[in-house]
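See below for the structure under consideration.
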Amino acid sequence: MNRRGIRIALYQPDIPGNTGAVLRLAACLGLTVDLIEPAGFDLSNRALKRAGMDYLELAALQRHASWEEFEHWRRREGYRLLLFTTAAAVPYTAFSFRDGDILLFGRESAGVPEEVHAAADCRLRIPMRPEARSLNVALAAAMACGEALRQAG
Numbered sequence: 000m001n002r003r004g005i006r007i008a009l010y011q012p013d014i015p016g017n018t019g020a021v022l023r024l025a026a027c028l029g030l031t032v033d034l035i036e037p038a039g040f041d042l043s044n045r046a047l048k049r050a051g052m053d054y055l056e057l058a059a060l061q062r063h064a065s066w067e068e069f070e071h072w073r074r075r076e077g078y079r080l081l082l083f084t085t086a087a088a089v090p091y092t093a094f095s096f097r098d099g100d101i102l103l104f105g106r107e108s109a110g111v112p113e114e115v116h117a118a119a120d121c122r123l124r125i126p127m128r129p130e131a132r133s134l135n136v137a138l139a140a141a142m143a144c145g146e147a148l149r150q151a152g
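In terms of numbering that gives the first Met the number 0, the sequence shown has 107 at position 108, counting the first letter as 1, and numbering is strictly consecutive.
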């Protein structure tokens, strides 16, 4: 069987430090990050290093110029898309992850638009206290990747 691995996708990220933290997480775990543009900051190597990404040379980063480009690529390659959102009903710990899953996280400021929600194969949430708005995207990615990798081996 050809293993494709678990991937992390960031939809139009706003905060360079969070993107740097996700890239470092992915580099340390041997995962690929799909960055769906446009981002809300400069995506040059120099800017990412300034954001604290001293692991940039170890990171596997695939940039997509738009949501449409990413979605075309994903469907062609046969990846399953899992959207992490506070609007989901399914807790991520009750979901069965597998090789070939892409864990998608939205913009820090606005999440993702309805068309992205509709394209997801499943929408997952990280259970939190009712009065909490959301987790930092890098923390959410770390939690989700830990569980996905535990299950997928």
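Glycine included, every Cβ here is placed at the ideal spot set by N, Cα and C. Because the structure is a prediction, the values reported are computed rather than measured.
Under a three-way DSSP split, which group does Phe-40 fall into?
coil
With the cut-off set at 9 Å, would you say Leu-102 and Ala-38 are in Cβ contact?
no
Rounding to the nearest angstrom, what Cα-Cα distance links Pro-126 and Leu-81 in this structure?
16 Å
Which partner residues does Phe-83 have in the DSSP bridge list?
Phe-104, Leu-123
Please state whether DSSP places Gln-11 in a helix, a strand or coil.
coil
Find the nearest neighbour of Thr-31 within the set Val-21, Thr-18, Leu-60, Pro-15, judged by alpha-carbon distance.
Leu-60
If you pair each beta-carbon of the segment 63-78 with each one of the segment 128-135, do three or more pairs fall below 8 Å?
no
What is the DSSP secondary structure of Gly-145, counted as helix, strand or coil?
Of the three classes helix, strand and coil, the one that applies to Gly-145 here is helix, per DSSP.
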